[in-house]
Amino acid sequence: MEKKELKIDYHVYRKTYPEKYGDLCRKVFEVIPHAYSVYSGFSVGAALLLDNGVVVTGTNQENAAYPSGICAERTALFYAGSRYPEARVEALAIAAFDKGVQPEHFVAPCGACRQVMAETIKRTGDFDVIMLGGEETVMLKASALLPFVFDLL
Ligand SMILES: [Zn+2]
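Written as structure tokens, this is what we have:
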């Protein structure tokens, strides 16, 4: 038996954003009101920066049949893959409001979104993820969010 260790590098920002992604982070807050979160009251916004300069946004879209809804991250990632299949994702910024209030701590993507992010990495390469919180924002590589990814190819 061999014991191994997994290390994750990430950057923490207190009450500020990574400077190079300032516009992208502000875009997230613009789209959060477009979330359809009538059941949970948890509104999430996502903004993707593509290497062609396009910013693709998404919000969570809930449904009375809960599994039919979709997260903000996957809304944006699937749209980007559909509309700009050749574009490389450079960064994904995410923020949430819980019943109208931004949590102090950043919100991290769910497991399903991490799996979709892993597929995006496979398609176009690794990218930065910025998880925005009211007090604390964290930036790390997407690959760090799901190190033991399910992969068939
Ligand atoms: Zn998700």
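Under my numbering, the first residue of the sequence shown carries the number 1, and numbering increases by one thereafter. Beta carbons are placed, not taken as given, at the ideal position from N, Cα and C, and that holds for glycine. For clarity, every value in this text was computed on a predicted model and none was experimentally measured.
Local conformation of residue i per DSSP, three classes
i, result
"K4", "coil"
"G22", "helix"
"Y17", "coil"
"G76", "At residue 76 the sequence reads Ala, which differs from the Gly that was named. Of the three classes helix, strand and coil, the one that applies to A76 here is helix, per DSSP."
"S43", "strand"
"V55", "strand"
"V38", "coil"
Rounded Cβ spacing between residue i and residue j (contact assumed at less than 8 Å)
i, j, result
"F127", "V89", "4 Å"
"G53", "I32", "About 22 Å; that fails the 8 Å criterion."
"L50", "L24", "Contact doesn't hold; Cβ gap of about 11 Å is too wide."
"Y21", "A91", "6 Å"
"T59", "K27", "Not confirmed; about 12 Å, so no contact."
"V129", "L146", "Not confirmed; about 11 Å, so no contact."
"M131", "A108", "6 Å"
CA nearest to the CA of residue i, picked from the options
i, options, result
"E73", "A93, E119, P85, C25", "A93"
"L152", "E119, M139, R83", "E119"
"K141", "E2, I8, M1, K4", "I8"
"A47", "C71, A76, A35", "A76"
"F106", "G81, G133, A87, S82", "G133"
"P85", "T59, R123, S68", "R123"
"Q115", "S143, G100, K99, E62", "S143"
"S37", "Y17, E30, E62", "E62"
Three or more C-beta pairs below 8 Å linking the stretch 3–18 and the stretch 34–42: No, the stretch 3–18 does not touch the stretch 34–42.
In chain order, which beta strand (DSSP E) runs of at least 3 residues are fully inside the stretch 79–149? 89–98, 128–131, 136–141
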